[in-house]
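K.L.:
In this text, residue positions in the sequence shown follow the numbering used here: the first is 10, and each later residue adds one. Below are the structure tokens for one structure; questions will follow.
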Amino acid sequence: MLRILLGVNGMMALAILLRNREFKYLALELAEAAAYVEPVVLGSLVALGALAKPLARLPYRLGVGLVLVLVMMLAGLVFQVLDVALNLWQEGVGLWRPLLWAALVTLSLLGYFAARDRLHAPSLVEARLMALTARIRPHFLFNSLNAVLGVIRSDPRRAETALEELADLFRALMRDNRTLVPLSEEIALARQYLGLERLRLGERLQVRWDVEACPPEALVPPLLLQPLLENAVYHGIETSQTAGEIEIRFTRDGERILISLGNPVSPGAEHVHGNQMALENIRERLMLFYDLEARLETRQQAGRFQVLIELPYRKDGFPAG
């Protein structure tokens, strides 16, 4: 929906800029065009949303034709209503012009989304997700084994337990990463990883969880937390000589899931903005799973680095793409 609004308004603004060479009445023309375009766009989105299932069952060309007819009908209706009620256009401006613009914009957007669907074919999305996940696994294995090796001589029994937990973790890592997983599973995996890191760092690693405000059945991308926690441990705890706290918070705001992960930043530490590779990895996987419905932001203030993630709340899993 956001892409459609941006695309239509962008084409409208470009057309007016090209036509209005003197910029004398640019603001007025933009306002008049918006008064016509916005009702057509919003009305079309509502109508197409209501007719999405019937249209999806039709052959592609027939569906395109019906969408085109629907948008042009709405465009003509809005033009006639505004022309009579507000007299926005000069005399002599016929109905053909708004209908032509509606047809051109609709066909342009349909062509864009058709090309985008081919580019984001399920096979390509699945391959990209597998490649992105494959980048995470070696880091996870190295850090986990390093944590176990740190105690294998001093506490063999504890190291044996840690190796068993590591085996459980890798069984989880080898599962299908093309589908969303329950939040409860992702939290369990993250807790096990932090348990292994605590073997190495001891009481220097403090963790505070706040997950009561988020339903455990909410679905999230697999391996969402572990790379962020690895960043937090490496950049916030390991570089400091004193104890530090990692805070993980989950909340639900209507149909949105909000995730916040914060860690201390040591004064003078390098790479204070975290491991950009891991952040870009997660950002790209969020795009593959949710398109523009999810976002990831980072910020640093008051000696702490924070990652903020916002996702749509879902309870039914589906393959990416």
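Glycine included, each C-beta is placed from N, C-alpha and C at the ideal position. These numbers come from a predicted model, not from an experiment.
1. Residues in the same chain with beta-carbon distance under 7 Å from Ile161, minus the five sequence neighbours each way, listed in chain order, please.
2. Per DSSP, which one or two residues make a beta bridge with Ile268?
3. What is the DSSP secondary structure of Asn155, counted as helix, strand or coil?
4. For Val80, which of Ala56, Leu150 and Ala65 has the nearest alpha-carbon?
5. Does DSSP classify Gln250 as helix, strand or coil?
6. State the DSSP-derived secondary structure class of Ala311, mapped to helix, strand or coil.
7. Quick check on DSSP: helix, strand or coil for Ala56?
8. Taking the runs of the alpha helix (DSSP H) that are 4 residues or longer, which of them lie wholly in the region 200-254?
9. Exposed or buried, which one is Tyr69 when buried takes at least 16 other CB atoms within 10 Å?
10. Can you tell me which residues form a DSSP beta bridge with Glu302?
11. When you compare each of Val78, Gln89 and Leu86 to Leu113 by their alpha carbons, which one comes out closest?
12. Can you give me the C-alpha to C-alpha distance between Arg258 and Ala241, rounded to a whole angstrom?
13. Suppose contacts are defined by Cβ-Cβ distances below 8 Å. Is Leu108 in contact with Gly72 by that definition?
14. Distance check for Arg308 and Leu172, CA to CA, integer angstroms please.
15. Distance check for Gln250 and Val216, CA to CA, integer angstroms please.
16. When the Cα atoms are used, what is the spatial distance from Thr248 to Ser275?
17. Between which two residues does the alpha helix (DSSP H) harbouring Leu67 extend?
18. Whose C-beta lies closer than 6 Å to the C-beta of Leu116 among residues of the same chain, with five residues either side of it excluded?
19. Counting pairs of beta carbons, one from the region 283-299 and one from the region 260-270, are three or more of them closer than 8 Å?
20. Identify which residue in Ala222, Ala252, Glu212 and Phe179 has its Cα closest to the Cα of Ser193.
21. When DSSP builds the beta bridges, which residues end up paired with Pro273?
22. Mapping DSSP to helix, strand and coil, what is Ile161?
23. Helix or strand or just coil, what does DSSP make of Met296?
24. Suppose you measure from the CA of Ala124 to the CA of Thr188; what does that come to, to the nearest Å?
25. Reducing DSSP to helix, strand and coil, say where Arg167 ends up.
26. Please look up how many angstroms separate the CB atoms of Leu214 and Arg207, rounded, as I've assumed it's under 8 Å.
27. Can you tell me whether Arg323 is helix, strand or coil according to DSSP?
28. Find the nearest neighbour of Ala156 within the set Leu119, Arg66, Pro321 and Arg209, judged by alpha-carbon distance.
29. Below 8 Å between beta carbons: does that hold for Pro273 and Arg313?
30. Which of the three DSSP states is assigned to Met286 in this structure?
31. Label Gln235 either buried or exposed according to how many other C-beta atoms from any shown protein chain fall within 10 Å of its C-beta, with 16 as the threshold for buried.
P.N.:
By the coordinates alone:
1. As a working mapping, residue 161 is identified with position 152 in the sequence shown. Around Ile161: Ala168.
2. Start at 1 with the first residue of the sequence shown, and residue 268 comes out as number 259. Paired residues: Phe259 and Ile318.
3. Position 146 of the sequence shown, counted from the first residue, corresponds to residue 155. Here Asn155 sits in helix by DSSP.
4. Residue numbering aside, residue 80 sits at position 71 when the sequence shown is read from its first letter. The candidate whose alpha carbon is nearest that of Val80 is Ala56.
5. Walking along the sequence shown from the start, residue 250 turns up at place 241. In the structure shown, Gln250 sits in coil (DSSP, three-state: anything other than H, G, I, E or B).
6. Looking up residue 311 in the sequence shown gives position 302. Ala311 carries a coil assignment under DSSP once its states are collapsed to helix, strand and coil.
7. Within the sequence shown, numbered from 1, the residue matching residue 56 stands at position 47. In the structure shown, Ala56 sits in a helix (DSSP, three-state: H, G or I).
8. 234-241
9. For the purposes of this step, residue 69 is taken as residue 60 along the sequence shown, with counting starting at 1. With fewer than 16 Cβ atoms within 10 Å of its Cβ, Tyr69 is classed as exposed.
10. Here residue 302 is taken as the residue at index 293 of the sequence shown, counted from 1. Answer by DSSP bridge pairing: none, since Glu302 is not bridged.
11. Against the sequence shown, residue 113 aligns to sequence position 104. Taking only the C-alpha atoms, the option nearest Leu113 is Val78.
12. What you label residue 258 is simply residue 249 of the sequence shown in a count that begins at 1. What you label residue 241 is simply residue 232 of the sequence shown in a count that begins at 1. Distance between Arg258 and Ala241, taken at the CA atoms: about 14 Å.
13. Here residue 108 refers to the residue found at position 99 of the sequence shown. Here residue 72 refers to the residue found at position 63 of the sequence shown. Inclusion of Leu108 and Gly72 in the CB contact set at 8 Å is not warranted, their separation being larger than that value.
14. What you label residue 172 is simply residue 163 of the sequence shown in a count that begins at 1. What you label residue 308 is simply residue 299 of the sequence shown in a count that begins at 1. Cα to Cα, Leu172 sits roughly 35 Å from Arg308.
15. As a first step, residue 216 is located in the sequence shown; it is residue number 207 there, counting from the start. As a first step, residue 250 is located in the sequence shown; it is residue number 241 there, counting from the start. C-alpha separation (whole angstroms): 17 Å.
16. Here residue 248 is taken as the residue at index 239 of the sequence shown, counted from 1. Here residue 275 is taken as the residue at index 266 of the sequence shown, counted from 1. So the alpha carbons of these two residues sit roughly 7 Å apart.
17. By 1-based counting over the sequence shown, the position of residue 67 is 58. Leu67 -> no alpha helix (DSSP H), and no H or E assigned at all.
18. Walking along the sequence shown from the start, residue 116 turns up at place 107. Taken in chain order, the list of residues that qualify is empty.
19. no
20. Residue numbering aside, residue 193 sits at position 184 when the sequence shown is read from its first letter. Cα-wise, what sits closest to Ser193 is Ala222.
21. By 1-based counting over the sequence shown, the position of residue 273 is 264. According to DSSP, Pro273 bridges with Arg313.
22. In the sequence shown, the residue the question calls residue 161 occupies position 152. DSSP places Ile161 in coil when its eight states are reduced to three.
23. One-based indexing of the sequence shown puts residue 296 at position 287. Correct three-state label for Met296: helix.
24. Taking the sequence shown and counting its residues from 1, one reaches residue 124 at position 115. Taking the sequence shown and counting its residues from 1, one reaches residue 188 at position 179. Each residue's Cα considered, the two are about 24 Å apart.
25. Here residue 167 refers to the residue found at position 158 of the sequence shown. Helix.
26. Counting from 1 along the sequence shown, the entry for residue 214 is found at position 205. Counting from 1 along the sequence shown, the entry for residue 207 is found at position 198. Sure, about 5 Å apart at Cβ, within 8 Å.
27. Here residue 323 is taken as the residue at index 314 of the sequence shown, counted from 1. Coil.
28. Taking the sequence shown and counting its residues from 1, the one referred to as residue 156 is at position 147. Ala156 has its Cα closest to that of Arg209, out of Leu119, Arg66, Pro321 and Arg209.
29. Counting from 1 along the sequence shown, the entry for residue 273 is found at position 264. Counting from 1 along the sequence shown, the entry for residue 313 is found at position 304. In contact: Pro273 and Arg313 (Cβ atoms closer than 8 Å).
30. Here residue 286 is taken as the residue at index 277 of the sequence shown, counted from 1. Met286 falls in the helix class under three-state DSSP.
31. Start at 1 with the first residue of the sequence shown, and residue 235 comes out as number 226. Buried.
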